[in-house]
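Enquirer:
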Amino acid sequence: MKLSIKNVSKTYGKKRALNDFSLDFSAGVYGLLGPNGAGKSTLIGTITGLVRPDRGTVEYSDESGARLCERLGYLPQYQSFYKNYSAPEFLKYMCALKKYKPDDLKKYCAELLELVNLSDAGNKKIGAFSGGMKQRLGIAQALIGEPKVLIFDEPTAGLDPKERVRFRNIISSLGSERIVILATHIVSDISYIANKIILLNQGKMTDCGTESEIISKVTQMVWECEAPSSEVLEIMNKFKVSNVISQAEKCKLKIVCKERPFENAVSAVPDLEDVCLYEFGEL
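Written out as structure tokens, the structure reads:
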């Protein structure tokens, strides 16, 4: 099983959304990180076939010889639903659209709903669902048909902390036999479950590797120091500050900087958020 993206570029007007992107994917979880406008949605659209690149190719191959569209599960950032459907009715409808015919359709849909903690939804109409419930239903529909390639665009938006943990556990269990691409602004989600992390900025891949490989880029560039609370805003305007902890009249700051920012600053252990701040200028 292999998904190969070769020299893909896409331009909208004068903006280059993707610039010569190339990467080979095999089984595992890939975290896609980048600021707004980095090209994440364009890359996802190119893989799913919703966006036609100006040049380059997207190729998928596995032992069955199936096309990518037959092996793809996708959760878009903004999923639409029929408000008058119940959750089981919606999943049955999606099975029909995907031409997937399990031996026991009712049981299969019930198992998907249990997996995403929606068993109690019963015949409640989707129009009455909370945002988090709709997001979980979207995750369930992406899993229909045992897809070999799963793409999730901001999948944990609207989920509470307990649901986010449940989702991460589901994805971790799926990654051993599938290609899973996870695009999110929530750095901790990627940090917990991604086997490899892709950094995308201004349409170009700036790095790809394991979390430890990515973090090694900012070794000896992360500092901790204390400063009076009254000076924190001024420091934040001058440096890239990844964390501030208030301690009475003082604050403890974590700063990403090539040189020691202050005499009292000491070297700190970097994390993925520090990398994002260094690479993109934002978290």
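Residue 195 in our numbering sits at position 170 of the sequence shown, with consecutive numbering throughout.
Note that beta-carbon positions come from the ideal geometry of N, C-alpha and C, so glycine has one too.
Bear in mind that the values here come from a model prediction, so they are computed numbers and not experimental data.
Determine the burial state of R77: buried for a count of at least 16 other Cβ atoms within 10 Å of its Cβ, exposed for fewer.
Expert: Answer is exposed; the Cβ neighbour count stays below 16.
Enquirer: Pick out the complete beta strand (DSSP E) segments inside the segment 264-305, 3 residues or longer, and give them in chain order.
Expert: The qualifying runs are 265-272 and 275-281.
Enquirer: Give the C-beta separation of C250 and I280 to the nearest angstrom, bearing in mind that I take them to be a contact with Cβ-Cβ under 8 angstroms.
Expert: Indeed, because the Cβ distance is near 7 angstroms, the residues count as touching under 8 angstroms.
Enquirer: Might you give, ordered along the chain, the residues of its own chain that have their beta carbon closer than 6 angstroms to the beta carbon of E268, omitting 5 neighbours on each side?
Expert: The question names Glu, but residue 268 in the sequence shown is Asn. Closer than 6 angstroms at the Cβ level, and outside the excluded window around N268, lie K279.
Enquirer: Taking Cβ to Cβ, would you say L100 is nearer than 8 angstroms to I164?
Expert: Yes; because the gap between Cβ atoms is below 8 angstroms, this pair is in contact.
Enquirer: Tell me the rounded alpha-carbon separation between S271 and S254.
Expert: Taking the straight line from one Cα to the other gives about 8 angstroms.
Enquirer: What did DSSP end up calling M230 once you bin it into helix, strand or coil?
Expert: Residue state, collapsed to three classes: strand.
Enquirer: With a cut-off of 8 angstroms, do at least 3 Cβ pairs link the segment 116-129 to the segment 193-211?
Expert: No contact exists between the segment 116-129 and the segment 193-211.
Enquirer: Whole-angstrom Cβ separation of L225 and G64, contact assumed at under 8 angstroms?
Expert: That belief holds up - the Cβ atoms of L225 and G64 are roughly 5 angstroms apart, short of 8 angstroms.
Enquirer: Flag this pair as yes or no: are the beta carbons of S51 and K31 separated by less than 8 angstroms?
Expert: No; because the gap between Cβ atoms is not below 8 angstroms, this pair is not in contact.
Enquirer: If I follow the unbroken alpha helix (DSSP H) through E114, where does it start and stop?
Expert: Where E114 is concerned, the enclosing alpha helix (DSSP H) stretches over A112 to L122.
Enquirer: With DSSP as the reference, please indicate the residues paired to R96 in a beta bridge.
Expert: According to DSSP, R96 bridges with nothing at all.
Enquirer: Taking 8 angstroms as the cut-off, decide whether the C-beta atoms of D178 and G157 are in contact.
Expert: The answer is no: Cβ separation not under 8 angstroms.
Enquirer: Under 8 angstroms by Cβ, that's how I've got A112 and L140 pegged, so tell me the actual separation to the nearest angstrom.
Expert: Not quite, the Cβ-Cβ distance comes to about 12 angstroms (not below 8 angstroms), so this is no contact.
Enquirer: Starting from T181, trace the beta strand (DSSP E) in both directions and tell me its first and last residue.
Expert: Note, T181: premise wrong, no beta strand (DSSP E); not H, not E.
Enquirer: Relative to the C-alpha of C282, which residue among K265, S29 and D49 is closest?
Expert: For C282, the nearest C-alpha among the options comes from K265.
Enquirer: Starting from T67, follow the alpha helix (DSSP H) in both directions and report where the run begins and ends.
Expert: Segment K65 to T73, the alpha helix (DSSP H) holding T67.
Enquirer: Near L97, what residues of its chain come up, given a Cβ to Cβ distance below 6 angstroms and the 5 sequence neighbours on each side ignored?
Expert: Hits under 6 angstroms: P172 and V174.
Enquirer: Just to confirm, is the Cβ distance from T181 to D129 under 8 angstroms?
Expert: No.
Enquirer: Roughly how many angstroms lie between the CA atoms of G183 and Q160, to the nearest whole one?
Expert: Cα-Cα distance, rounded: 7 angstroms.
Enquirer: K150 to F192, Cα distance in whole Å?
Expert: Each residue's Cα considered, the two are about 23 angstroms apart.
Enquirer: Do you know whose CA, among Q166, K242 and E298, lies nearest Y217's CA?
Expert: Among Q166, K242 and E298, the Cα nearest to that of Y217 belongs to E298.
Enquirer: Select from N262, K221, W248 and V212 the residue whose C-alpha is nearest the C-alpha of P60.
Expert: Residue V212 is the option with its Cα nearest to P60.
Enquirer: Given F106, which residues of its chain have a CB within under 6 angstroms of its CB, disregarding the five upstream and five downstream residues?
Expert: Hits under 6 angstroms: I151.
Enquirer: Taking G38 as the reference, which of R285, I260 and D79 has the closest Cα?
Expert: Of the candidates R285, I260 and D79, the one whose C-alpha sits nearest the C-alpha of G38 is D79.
Enquirer: Sort R189, P286 and M246 by Cα distance to K263 and report the nearest one.
Expert: It is P286 whose Cα lies nearest to the Cα of K263.
Enquirer: Taking the straight line between their C-alpha atoms, what separation do you get for A219 and S237?
Expert: Distance between the alpha carbons of A219 and S237: 11 angstroms.
Enquirer: Put R191 into one of helix, strand or coil per three-state DSSP.
Expert: DSSP places R191 in helix when its eight states are reduced to three.
Enquirer: For E304, I'd like the list of residues in its chain whose CB is within less than 7 angstroms of its CB, leaving aside the five on either flank, ordered along the chain.
Expert: So the qualifying residues of the chain are L224, N226 and T231.
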